[in-house]
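Below: the structure, in structure tokens.
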Amino acid sequence: MTSSSVNGNPELRKDAVWNRWVIFSPARAKRPSDFKSKSPTTTNPDQQCPFCIGHEHECAPEIFRVPPDDPNWTIRVIQNLYPALSRDLPEPHHSPSGSVLHGFGFHDVVIETPVHPVQLSDLSPPQISQVLLAYTNRIQQIASNHHSIQYVQVFKNHGASAGASMSHSHSQMMALPIIPPNVSSRIGSMKDYFDQTGECFICEIQTEDLLIDSSTNFFSLVPFAATFPFEMWIVPRYHSAHFHELDNEKAVELGGLLKLMLRKMSSQLNNPPFNYMIHTSPLHGNGSELAYSHWFIQIVPQLIGIAGFEIGTGCHINPVFPEDAAKVLREVKVPESEEST
């Protein structure tokens, strides 16, 4: 644990993945173990929820379901009723060269369970693995049929203050004809590290004081320069550039660790609203990117807002040192039945 973490002095850390600085200022907060969400997520049913089984006709068109063609489905992937991008616009057949591009793309919703009160963390690891594999299957569909799509962002907003307009458990996927700036920055930073060291930065992550938990092929940690308090990453131990190459066996293992992290977060932080994002590689990047690009899942509980300083500078202020957050999360005990059910 760093001396600043012990004595309460502020510290600046360089985030080598996104090439930005984070200010750690523990004097702005209470003790890490006392951190709780002020607005815990509620799971009151939406009236006439269109995501519930039996209301399929109220949704936008379905893309596929699991199991296929089964009225007793467990997962549905559908079009977003209010998409940010349109699949009906002409598909661009070349890389964007100007400052304006038609808004072609895909915006899908993954309904993770047919039952309204059930949340993702309530599912078993094999059930969560089916959600993860639904992501990979959809990414593979898009990559095979639409070469103009450069990047697919998988994300989950849980709770109204985290951006969820529906309380029924779901996640989203946006397929873009561009590579977003944060992705370009992340890939560029990883390339710089690889050019200097010959190693993948994510493969080299030191986890001694930052580790939360681990399994055979994955581990979870609080990143060294965490942008947000109690931010967590789940990282493959094996080198892999593309999330959509995840296989069935590893998906079950990943589902177990994801479930455990969501349970620990909920228990320690009073069931906070949260977001998770799967950070992967561009679909059609050059072959050299495979050597230094490494996918991971980022989980961010919504405990503090951002204000003028963060917006103006791009630097975030985090009131909890990562080593302290990792220690608190390591020590959270989740009942064994909750881990495995």
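Numbering of the sequence shown is given in the working numbering, commencing with residue 1035 and proceeding in unit increments. For each residue, glycine too, the CB sits at the ideal point set by N, CA and C. All values reported here derive from a predicted model rather than from experimental measurement.
In the displayed model, Phe1098 falls within a strand according to three-state DSSP. Shown here, Tyr1169 sits in a helix according to DSSP, grouped into three states. Residue state for Phe1252 is assigned as strand, using DSSP reduced to three classes.
Between the alpha carbons of Pro1316 and Lys1072 lies a gap of roughly 37 Å. Across the structure, Asn1251 and Glu1283 are spaced so that their CA atoms are roughly 10 Å apart. Around the C-beta of Pro1211, 16 or more other C-beta atoms lie within 10 Å, and the residue is accordingly described as buried. In this structure Gln1174 is in contact with His1278, their Cβ atoms being roughly 6 Å apart against a cut-off of 8 Å.
According to the DSSP assignment, Phe1343 belongs to the alpha helix (DSSP H) that extends over 1342–1347. Following the DSSP letters along the chain, one finds Asp1049 inside the beta strand (DSSP E) bounded by residues 1045–1049.
Contact annotation: Ile1183 and His1328 have beta-carbon atoms that are not nearer than 8 Å. Residue burial is scored here from C-beta neighbours: Ala1259 has at least 16 other C-beta atoms within 10 angstroms and is therefore classed as buried. Partner residues in the beta bridge of Met1311, as assigned by DSSP, are Phe1189, Gln1332. Residue range 1350–1352 is occupied by the beta strand (DSSP E) that includes Asn1352. In this structure, the straight-line span from the alpha carbon of Gly1137 to that of Lys1367 is close to 46 Å. Residue range 1204–1210 is occupied by the beta strand (DSSP E) that includes Leu1210. When the beta-carbon positions are compared, His1141 and Leu1119 come within less than 8 Å of each other. Assignment of Pro1160 by DSSP, reduced to helix, strand and coil, places it in the helix class.
Rounded to whole angstroms, the separation of the alpha carbons of Tyr1185 and Gly1139 is 10 Å. Per DSSP, Met1200 lies in no beta strand (DSSP E) segment and is marked neither H nor E. Under the 8 Å Cβ criterion, the segment 1308–1327 counts as touching the segment 1212–1222, having at least three qualifying pairs. Closest in C-alpha terms to Val1286, from the list Glu1146, Asp1103, Ser1158, comes Ser1158. Rounded to the nearest angstrom, the gap between the Cα atoms of Gly1342 and Thr1108 is 43 Å. Judged by beta-carbon spacing, Pro1307 lies within the 8 Å limit of Gln1336, meaning their Cβ atoms are closer than that value.
In this structure, Ile1112 sits near Pro1095, with a CB-CB distance shorter than 8 Å. Scanning its chain for C-beta atoms nearer than 7 Å, with the 5 sequence neighbours on each side dropped, one finds around Glu1323 the residues Ile1221, Ala1275, Ser1315, in chain order. In this structure, DSSP gives Pro1270 an extended state, which the three-state scheme calls strand. For Leu1296, same chain residues with a beta-carbon under 6 Å away, outside a window of 5 residues either side, are Ser1155 in chain order. Trp1267 and Val1334 have their C-alpha atoms spaced approximately 9 Å apart.
By the CB criterion at 8 Å, Tyr1310 and Phe1189 fall inside the cutoff. DSSP places Arg1297 in the helix class (H, G or I) of the three-state scheme. Rounded to the nearest angstrom, the gap between the Cα atoms of Ala1325 and Cys1234 is 7 Å.
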